[in-house]
Structure formats: structure tokens, C-alpha cells
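No gaps in the numbering here: position 31 of the sequence shown is 31 in the UniProt record's numbering, and each next residue is one more.
What follows is a set of notes on a single structure, which appears directly below.
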Amino acid sequence: MASPMRIRAAAKDGVTEVRVLMSHVMETGQRKDSSGAVIPAHFITELTAKHNDKVVLSAEFGPSVSTNPYLAFKFNGGAKGDKVAVTWVDNKGETRTDEVQVA
């Protein structure tokens with residue numbers, strides 16, 4: 001399983017800003033290793049962010065996203081102590097969910 005995501009969420013003036021650093025290799029399937037063999041594709045395909053179990057962001061990723069992707073977004077609402085959860089699924093079926101409380 002992948003390393004935990006680093007998530008920060010802060011509410012100010014009725015808007016919550018979320019910053020996420022995901023740990024993932026994000027291989028395109030087009031590179032070759034030192035012996036010339038193709039490195040298989042392995043990248044995040046879907047990402048969902050929830051605020052107190054309500055979806056606030058849904059995104060589709062592809063092989064062109066860099067290794068260890070960073071994502072920042074804002075949504076209306078949210079208060080200190082609320083829960084923000086981020087989940088990703090990759091093309092190999094692996095999944096990771098991490099959550100943080102809004103500061």
C-alpha cells in the first residue's frame with residue numbers, strides 16, 4: 001500500500017482550502033528501465049474528496065500527471081473540527097483514503 005497522503009485543510013471566512021500531497025509513482029507505461037523493458041503503467045485514475053461524507057470534489061487523472069501529485073482546492077462551507085477525507089483509486093485497483101480535521 002502507498003504511503004499516507006499529506007492533507008491540510010483550513011477554514012476561513014466560510015471557505016475551506018484543502019491541500020493534498022499524494023505519494024504515488026504515476027508511471028505512464030511509456031518509459032523503459034535500464035535493461036530496456038517497458039515499465040508498466042501505474043497511475044491514479046480517480047480522486048474523490050469529501051467534507052463530512054459529502055462529495056466536494058471528484059476528479060479523473062491520467063498518465064500525464066507527475067509523480068507524487070499535489071492538489072489544492074477550495075469549497076464553500078466547512079468549520080474547524082469538520083472532517084475532510086480524500087480517496088484515490090489507481091489503474092491497478094489499489095486505493096488509499098486519508099482524512100484530516102479542518103483547522
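We put the CB at the ideal spot given by N, CA and C, even for glycine.
Shortest Cα-Cα distance from G62 to any of L71, I44 and K50 involves I44.
Within the stretch 32-81, the complete beta strand (DSSP E) segments of 3 residues or longer fall at 44-51, 54-60 and 70-76, listed in chain order. Residue pairing by DSSP puts T95 in a beta bridge opposite V89. When the Cα atoms are used, K92 and M26 turn out to be separated by approximately 11 angstroms. The bridge partners DSSP lists for V25 come to none. Rounded to whole angstroms, the separation of the alpha carbons of S35 and M5 is 32 angstroms. Per DSSP, the beta-bridge partners of V100 are V84. A11 is bridged by DSSP to T16. Sequence-distant Cβ neighbours of K32 in its own chain, meaning closer than 7 angstroms and more than five residues away, are V38 and I39.
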